[in-house]
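Trainee: The structure follows.
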Amino acid sequence: MILVLVVEDEPVAAEAHRQYVERVAGFTVAGVVHSGAEALRFCERHHVDLILLDFYLPDTHGLAVCRALRAAGSTADVIAVTSARDLTVVKAAVSAGVVQYLLKPFTFASLREKLDRYAQFRQSVGEAADQTDVDRALATLRTPSPALPKGMSPETRETIVTALREGPLSAGAAAEATGVSRVTARRYLEHLADAGQARREPRYGQVGRPEVWYHAVT
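What follows is the structure, given as structure tokens:
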């Protein structure tokens, strides 16, 4: 079993995260704490394989916790569970040894995918025969982007995804936010919805057909 420490200052969220972890085969919660200091003390006294670490803690930042863990010789891996969207923080998290980054709010399915991929990564043992073996082991931690239909570009898709993360969008609103045409915006939004990365919501006006709005699925 993979032993997990949940570090989350909000009690309701901490309990939800605990329940999520317990639902994934091969994982069990070793403890739940609500501050950085508690997390460090727990890791000093108990073996932990993985830490679900909120970055905005009442006593310190999650990055400081990561650095303190490494300074103390802890080998526990860290999945950042946070609302921090600043890419500077993301890059700092990678430098501090964070293996995965999960944005709040998230669904059970999102966390389960991260945990399943982490479990696959831990199963990589032995000596790599070549670069392909190394790349394959590291790739298990990454969530692949769905294949794009012909005529779509990864750059435009990422632009739409970034805009969608800021809040729900219609095709018209997405077009205005990104500078693409309304038809192009709708095509990418529909692709994201079909891939399970966006959720459709019809909004009814006073007359005519409902306008479809799209929500990011995290």
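Per my numbering: the sequence shown ends with 233, consecutive numbering throughout. C-beta atoms are modelled at their ideal positions from N, C-alpha and C, and glycine is treated no differently. As the structure is a prediction and not an experimental result, all values here were calculated from the model.
(1) Just how far apart, CA to CA, sit residue 61 and residue 51?
(2) Could you please give me the residues that DSSP links to residue 57 through a beta bridge?
(3) When burial is assigned at 16 or more other CB atoms within 10 Å of the CB, is residue 88 buried or exposed?
(4) What is the residue span of the beta strand (DSSP E) that residue 97 lies within?
(5) So residue 76 is in the beta strand (DSSP E); what residue range does that whole segment cover?
(6) Which residue comes first and which comes last in the alpha helix (DSSP H) that contains residue 135?
(7) Report buried or exposed for residue 106, applying the criterion of at least 16 other Cβ atoms within 10 angstroms of its Cβ.
(8) If you run the structure through DSSP and keep just helix, strand and coil, what is residue 231?
(9) Quick check on DSSP: helix, strand or coil for residue 26?
(10) Within 10 angstroms of the Cβ of residue 97, are there 16 or more other Cβ atoms? Answer buried if so, exposed if not.
(11) Which two residues bound the contiguous beta strand (DSSP E) that contains residue 170?
(12) According to DSSP, is residue 204 helix, strand or coil?
(13) Excluding five sequence neighbours on each side, which residues of the same chain lie with their C-beta closer than 7 Å to the C-beta of residue 44?
(14) For residue 229, count neighbouring C-beta atoms within 10 Å of its own C-beta (all shown protein chains included) and say buried if the count is 16 or more, exposed if not.
(15) For residue 128 and residue 29, what's the separation of their Cα atoms in angstroms?
(16) Can you tell me which of 199, 200 and 80 puts its alpha carbon nearest to the alpha carbon of residue 58?
(17) Ordered along the chain, which non-local residues of its own chain (more than five positions away) have a Cβ less than 7 Å from that of residue 219?
(18) For the beta strand (DSSP E) containing residue 68, list its first residue and its last residue.
Mentor: According to the structure data:
(1) 15 Å
(2) Paired residues: none, contrary to the question.
(3) exposed
(4) 92-97
(5) Per DSSP, residue 76 belongs to no beta strand (DSSP E) and is neither H nor E.
(6) 123-137
(7) exposed
(8) strand
(9) helix
(10) buried
(11) Here residue 170 belongs to no beta strand (DSSP E); instead the alpha helix (DSSP H) covers 169-180.
(12) helix
(13) 19, 21, 33, 36 and 37
(14) buried
(15) 19 Å
(16) 80
(17) 225
(18) 65-68
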